[in-house]
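Quick note, the working numbering runs 749 ahead of the 1-based positions in the sequence shown. We treat Cβ as the ideally placed atom computed from N, Cα and C, and that holds for glycine. Because the structure is a prediction, the values reported are computed rather than measured.
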Amino acid sequence: VLHEVIRTSEMLTKAALPSIGQNVELKGNLYSIDSELYDGPFSKVYTVSESGAQFAMKIERTVGPTRPVLKLDALVLKQLNAERAAVGFPRLIAAGRTSLYKYVIMELVGPDLQRLRRALPAKKFSLPTALRVGGQTLDRIQSLHDCGWLCRDIKANNFCIGRDDTAVIFMLDFGFARRYMREDGVIIGKRTAAGLMGTIFYAPLAAHAFSDQCRRDDLESWFYMLIEITTGSLPWQRCDPKTQYMLIGEWKRFAREAGRYLLLEGCPYEYDSILKTIDETGYYARPDYSGIATYLKQATIRLNIDPASPFDWQVNERIIRKSEFIGEKGESNVASERLNCHQERGEAVGSYAIHEGGECAIESDNIPM
């Protein structure tokens, strides 16, 4: 009986949410619901249009998790948008709540880096693209940190290419964000313990140790992402993130010692210096962003790579279209077949706006807002 009551409640809540073809008035503007991009247990993502312009609208049911995911998204984006020098973040159009749901409307962007990588036959970017992606994503993380925020969930899924300008990489999804610095510039003190926060494959050692995270830890997660887009995999990729997260933590510790070569195999040797720089950064210290960027540039010069070379998805636009059909596990062949079927029928392929999910995002922390 209880299950029936819960199921009925979920159906009623879902029915009350916007549906495709419906018009909704939010803060005096009329938005048309064009398509649905994501449907989760407590949230949905739509493409919406208003006065001929398209946006992404993410809604969150008022019942469910108490964590203020959308509130954080809006708060972080609003601050980043106010920083005129902070490029590569979606424009926040509107945010608020109705009696049934909370919503954030933002600039519509293209597919995320994880889907683009998985759309490639080798499941990895070319080295010129990997190095350029590394540089841009590092810049985004620095901009976020300079505004006083930690991401705590750095991964390729949370970086998307521009919809119009595909050479610009956008950072988004700040549901796990946390302030690390007060408005007066003072770093907030380290807590004695913290929850395991982030996506396990990319979570820093501090998360595995249930320790408070700092700017260094965002860069550690970024480094794992950099390894993956460069080589196509991580040494612990075959581990089950739901049941073997402790083993994944052991792998990361092993990669600092005897197993370092396994982590860095197939990477430019400058990556070793990058990891050393990150690991030597203290909890309260400002990371050496420029030093890390210099190592990326040194690899580009040493390997005789043109720093202005186009991204893989600009050389072959089919990659962007194919990424629309890539599943969570990266079924590249199936995606090709689906894309071919759509092209044969003359069907249009849309764009992704906001990616949710991942290999296993675990969160057991509360943020006072």
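Kindly list the residues whose CB is nearer than 6 Å to the CB of residue i, restricted to its own chain and excluding five residues on each side of it in sequence; keep chain order.
i              : result
cysteine 988   : Leu996, Ile997
leucine 954    : Lys1001
serine 768     : none
serine 892     : Ala835
leucine 975    : Gly883
arginine 964   : His894, Pro1036
tyrosine 1020  : Leu1013
isoleucine 937 : Tyr929
arginine 1009  : none
glutamate 1086 : With a pLDDT of 44 at glutamate 1086, under the threshold of 50, the predicted position of this residue should be treated as unreliable, and no value is reported.
tyrosine 1033  : Ile936
glutamine 691  : A question about residue 691 goes unanswered here, because the residues of the chain that appear run from 750 up to 1118.
Taking just the CA atoms, how far does residue j sit from residue i?
i                  : j                 : result
methionine 806     : proline 839       : 12 Å
leucine 766        : leucine 849       : 7 Å
leucine 1052       : arginine 866      : 22 Å
arginine 1035      : phenylalanine 925 : 21 Å
glutamine 993      : serine 798        : 43 Å
aspartate 966      : glycine 883       : 16 Å
phenylalanine 1074 : arginine 1067     : 11 Å
valine 935         : lysine 873        : 40 Å
alanine 1007       : threonine 941     : 30 Å
histidine 957      : lysine 991        : 13 Å
leucine 821        : isoleucine 978    : 28 Å
tyrosine 1018      : glycine 770       : 53 Å
leucine 1045       : methionine 920    : 20 Å
valine 818         : arginine 810      : 11 Å
glutamate 832      : serine 1039       : 20 Å
glutamate 932      : threonine 1043    : 30 Å
glycine 1031       : glutamine 986     : 28 Å
asparagine 830     : alanine 802       : 19 Å
asparagine 778     : glycine 789       : 26 Å
glycine 1079       : proline 1056      : Model confidence at glycine 1079 stands at a pLDDT of 49, short of 50, so the residue's coordinates are unreliable; what they give is reported in the following sentence. Taking the straight line joining both Cα atoms gives about 28 Å.
glutamine 1063     : leucine 968       : 27 Å
threonine 878      : glutamate 999     : 30 Å
alanine 952        : phenylalanine 959 : 11 Å
proline 870        : asparagine 1065   : 12 Å
Considering only their Cβ atoms, is the gap separating residue j from residue i smaller than 8 Å?
i                  : j                 : result
lysine 776         : alanine 843       : yes
lysine 851         : isoleucine 782    : no
threonine 796      : leucine 841       : no
isoleucine 910     : cysteine 900      : no
isoleucine 903     : serine 970        : yes
alanine 868        : serine 1072       : yes
phenylalanine 1060 : threonine 886     : no
leucine 1024       : phenylalanine 950 : no
threonine 980      : glycine 944       : no
threonine 1026     : leucine 880       : no
glycine 837        : aspartate 888     : yes
lysine 939         : aspartate 922     : no
leucine 876        : isoleucine 1054   : yes
Please go through the same chain and pick out, in chain order, the residues whose beta-carbon is closer than 7 Å to the beta-carbon of residue i, but skip the five residues on each side of it.
i              : result
alanine 1004   : Pro984, Leu1011, Leu1012
glycine 897    : Arg928, Tyr929, Met930
glutamine 828  : Cys896
alanine 823    : Leu841, Ala844, Val853
serine 784     : Ile769, Tyr795, Thr796, Gly1099
glutamate 1029 : none
DSSP beta-bridge partners for residue i?
i                 : result
methionine 855    : Ala805, Leu841
tryptophan 898    : Arg928
aspartate 861     : Cys909
lysine 793        : Asp788, Ile808
tyrosine 951      : The partner list for tyrosine 951 (beta bridge, DSSP) is empty, contrary to what the question assumes.
phenylalanine 874 : According to DSSP, phenylalanine 874 bridges with nothing at all.
arginine 846      : Lys851
glutamate 799     : Ala802
methionine 920    : Phe908
isoleucine 936    : Met930
Does any residue of chain B have a CB that is nearer than 8 Å to the CB of residue i?
i           : result
leucine 849 : Absent from the structure: chain B. Only one protein chain is present.
Tell me which residues share the same chain as residue i and place their Cβ nearer than 8 Å to its Cβ, disregarding the 5 neighbours each side in the sequence.
i              : result
tyrosine 780   : Asn772, Val773, Glu774, Val797, Ser798, Glu799, Phe804, Met806, Ile854
glycine 859    : Cys909, Ile910, Gly911, Arg912, Thr915, Ile1069, Ser1100, Tyr1101
isoleucine 918 : Gly837, Leu862, Val882, Gln885, Thr886, Arg889, Phe908, Cys909, Ile910, Gly911
valine 825     : Leu893, Cys896, Trp898, Phe923, Ala926
cysteine 1090  : With a pLDDT of 47 at cysteine 1090, under the threshold of 50, the modelled position of this residue cannot be trusted, and the question is left open.
serine 1022    : Tyr1044
arginine 846   : Thr811, Tyr852
What beta strand (DSSP E) runs, 3 residues minimum, are completely inside the segment 766-790? Inside the segment 766-790, DSSP marks whole beta strand (DSSP E) runs of 3 or more residues at positions 772-775, 778-788, from first to last along the chain.
Which ranges does the alpha helix (DSSP H) cover as unbroken runs of at least 4 residues, wholly within the segment 956-992, from first to last along the chain? 964-980
Would you list, in sequence order, the uninterrupted alpha helix (DSSP H) runs of no fewer than 4 residues that lie entirely inside the segment 980-1065? 994-1003, 1009-1013, 1019-1028, 1038-1051, 1061-1064
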